[in-house]
Amino acid sequence: MTSSAPLRVVQWTTGNVARKTLRSIIARPDLELVGCYAWSPAKVGQDAALLCRLEEPCGVLATDDVDALLALTPDCVVYTPLHPDVDELSRILRAGVNVVTTAEFLTGHSLAPGARETLDAAARTGGASLFGSGMNPGFAQLLGAVATGLCQEVRTITMHESVDVSSFAADSNMDGMGWGRPMDDPGHADDVRAASVVFADGVHMLAATLGIELDSVGSHVAFSAAKKDLDLPGRPIAEGTMAGLDLRYVGIVDGREVLDLHQRWVMSHDLEPAMPVEHGYKVEVQGSPNVTLTLGLMPDQPLETLTVEDMHGIGMTITGLPVVNAIRHVVAARPGIVTYADIPIPTGPAAWTLD
Ligand SMILES: NC(=O)c1ccc[n+]([C@@H]2O[C@H](COP(=O)([O-])OP(=O)(O)OC[C@H]3O[C@@H](n4cnc5c(N)ncnc54)[C@H](OP(=O)(O)O)[C@@H]3O)[C@@H](O)[C@H]2O)c1
Numbered sequence: 073m074t075s076s077a078p079l080r081v082v083q084w085t086t087g088n089v090a091r092k093t094l095r096s097i098i099a100r101p102d103l104e105l106v107g108c109y110a111w112s113p114a115k116v117g118q119d120a121a122l123l124c125r126l127e128e129p130c131g132v133l134a135t136d137d138v139d140a141l142l143a144l145t146p147d148c149v150v151y152t153p154l155h156p157d158v159d160e161l162s163r164i165l166r167a168g169v170n171v172v173t174t175a176e177f178l179t180g181h182s183l184a185p186g187a188r189e190t191l192d193a194a195a196r197t198g199g200a201s202l203f204g205s206g207m208n209p210g211f212a213q214l215l216g217a218v219a220t221g222l223c224q225e226v227r228t229i230t231m232h233e234s235v236d237v238s239s240f241a242a243d244s245n246m247d248g249m250g251w252g253r254p255m256d257d258p259g260h261a262d263d264v265r266a267a268s269v270v271f272a273d274g275v276h277m278l279a280a281t282l283g284i285e286l287d288s289v290g291s292h293v294a295f296s297a298a299k300k301d302l303d304l305p306g307r308p309i310a311e312g313t314m315a316g317l318d319l320r321y322v323g324i325v326d327g328r329e330v331l332d333l334h335q336r337w338v339m340s341h342d343l344e345p346a347m348p349v350e351h352g353y354k355v356e357v358q359g360s361p362n363v364t365l366t367l368g369l370m371p372d373q374p375l376e377t378l379t380v381e382d383m384h385g386i387g388m389t390i391t392g393l394p395v396v397n398a399i400r401h402v403v404a405a406r407p408g409i410v411t412y413a414d415i416p417i418p419t420g421p422a423a424w425t426l427d
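Once you know that position 17 of the sequence shown is 89 in the working numbering, the rest is easy, because the numbers rise by one and skip nothing.
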């Protein structure tokens, strides 16, 4: 923490992740919430904190007036819409405003052709930096890169996320996975690839952080079926249809899969074929020595009080906080697209500084 003036921050949209980023922006003495963008017309004019389900209003009203938000000359936008808008992001960056985002962006490699170059040019023109993270993809790859720091030699890095995602069943970013589609549905695997291509960007980001060149990035998709009907709020899944997903994005060098981002997401534990989950993240480095890093996450509250919403909230916290905690480094970074390779490792604020 520094004693200098707080960095002035605009929160862009007020959905699931924003509920956690906004709470942190408001709590931190080194950050000041100066504006909030609303995508939904019905949210315009409402207090940002109340939109993010905080109990107390913060006095910042949500607006859809982009010019007015840029006229505030914020230091940084925390950009968390459901999907990124390259034109909108370019406009923010050209105005000289730094951006941290969880929205399907890490290096820009998974965007439409030319979009990465457009964003990098806009950022350099504005003298601003663009940084993307999240938990996975994002912080998980930083953990993988850090784990290799113990090694004399690294042969492969595999990262597993294995989670029961039924508490996220209704989330919009689950739409593209095709939960409940018939098994062997033609085109299903390609639709999953299209909706999850940001994990390919995670492979690119890990490669950038390790300083290695990849020949290509590939992917593997496998499905499991529900053994009985699943009555999930917002996303019922019928017996015999897709309720488990194994998704791997791999970085290839000389024909070898050297980087492997493996996601296993299940809506039930009763699947055929079985897909056991370990509820967390594991990094496995094969090298000298072999390194295994397990990331366990426990709620900051008694287990007996834990609700489904609390579980969902933990997922959103670990998605949003990597970008909030990076703000001061991104503001200080060189202009252009930056990754964990370009900034100091972001750390969380000490609790005693938040009083
Ligand atoms: N890397 C990771 O670990 C990770 C994990 C989870 C999520 N994410 C990503 O983080 C981003 C935010 O996720 P979320 O769960 O917070 O999303 P969300 O709640 O579903 O949507 C966020 C906000 O986006 C706006 N919005 C809704 N529909 C939109 C559309 N069609 N186009 C553009 N904006 C739209 C709304 O803004 P208003 O509130 O202003 O109306 C909404 O509240 C997504 O891109 C998601 O993929 C990353």
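Glycine included, each C-beta is placed from N, C-alpha and C at the ideal position.
*In its own chain, which residues sit with a C-beta less than 7 Å from the C-beta of Ala219, not counting the 5 before and 5 after it?*
Val355, Val357, Val363 and Leu365
*Would you mind reading off the limits of the alpha helix (DSSP H) that contains Met207?*
Careful: Met207 lies outside any alpha helix (DSSP H) and carries neither H nor E.
_Output needed for Pro258: all residues of its chain with C-beta closer than 6 Å, excluding positions within five of it in sequence on either side, in chain order._
none
*State the CB to CB distance for the pair Arg253 and Met314, rounded to an integer number of angstroms; the pair is presumed to be in contact (CB under 8 Å).*
5 Å
*Which residues in the same chain have their Cβ closer than 7 Å to the Cβ of Gly306, if we skip the five residues on either side of it in sequence?*
Ala241 and Ala242
*asked:* Helix, strand or coil, according to DSSP, for Thr135 in the structure here?
replied: strand
*Measure from the alpha carbon of Leu369 to the alpha carbon of each residue in Pro348, Pro361, Thr391 and Ser360, then state which is nearest.*
Thr391
*For Thr176, is the beta carbon positioned less than 7 Å from some heavy atom of ligand 1?*
According to the sequence as given, residue 176 is Glu; it is not Thr. Yes, the Cβ of Glu176 comes within 7 Å of a heavy atom of ligand 1.
*Name the DSSP bridge partner or partners of Gly323?*
Val289 and Leu331
*asked:* Is Ser360 a contact residue of ligand 1, with contact defined as CB to any heavy atom under 7 Å?
replied: no
*asked:* Using 8 Å as the threshold, is the C-beta distance between Arg273 and Thr379 below it?
replied: Note on identity: in this sequence residue 273 is Asp, with Arg being the wrong assignment. No, these two residues do not count as a Cβ contact at 8 Å.
*How many angstroms separate the CA atom of Thr74 from the CA atom of His341?*
For Thr74, the predicted model reports a pLDDT of 49, less than 50, meaning its position is unreliable and no value from the coordinates is stated.
*Measure the CB-CB distance between Thr152 and Leu123 and report whether it falls below 8 Å.*
no
_Extent of the continuous beta strand (DSSP E) run through Val172_ = Asn170 to Thr173
*Minimum Cβ-Cβ distance from Glu233 to chain D less than 8 Å*: Within the model displayed, chain D is absent; a lone protein chain is all it includes.
*Can you tell me which of the three DSSP states Ser234 falls into?*
strand
*Return yes when at least one heavy atom of ligand 1 lies under 7 Å from the C-beta of Trp111, else no.*
yes
*Does the distance from the C-beta atom of Ala217 to that of Ile409 stay below 8 Å?*
no
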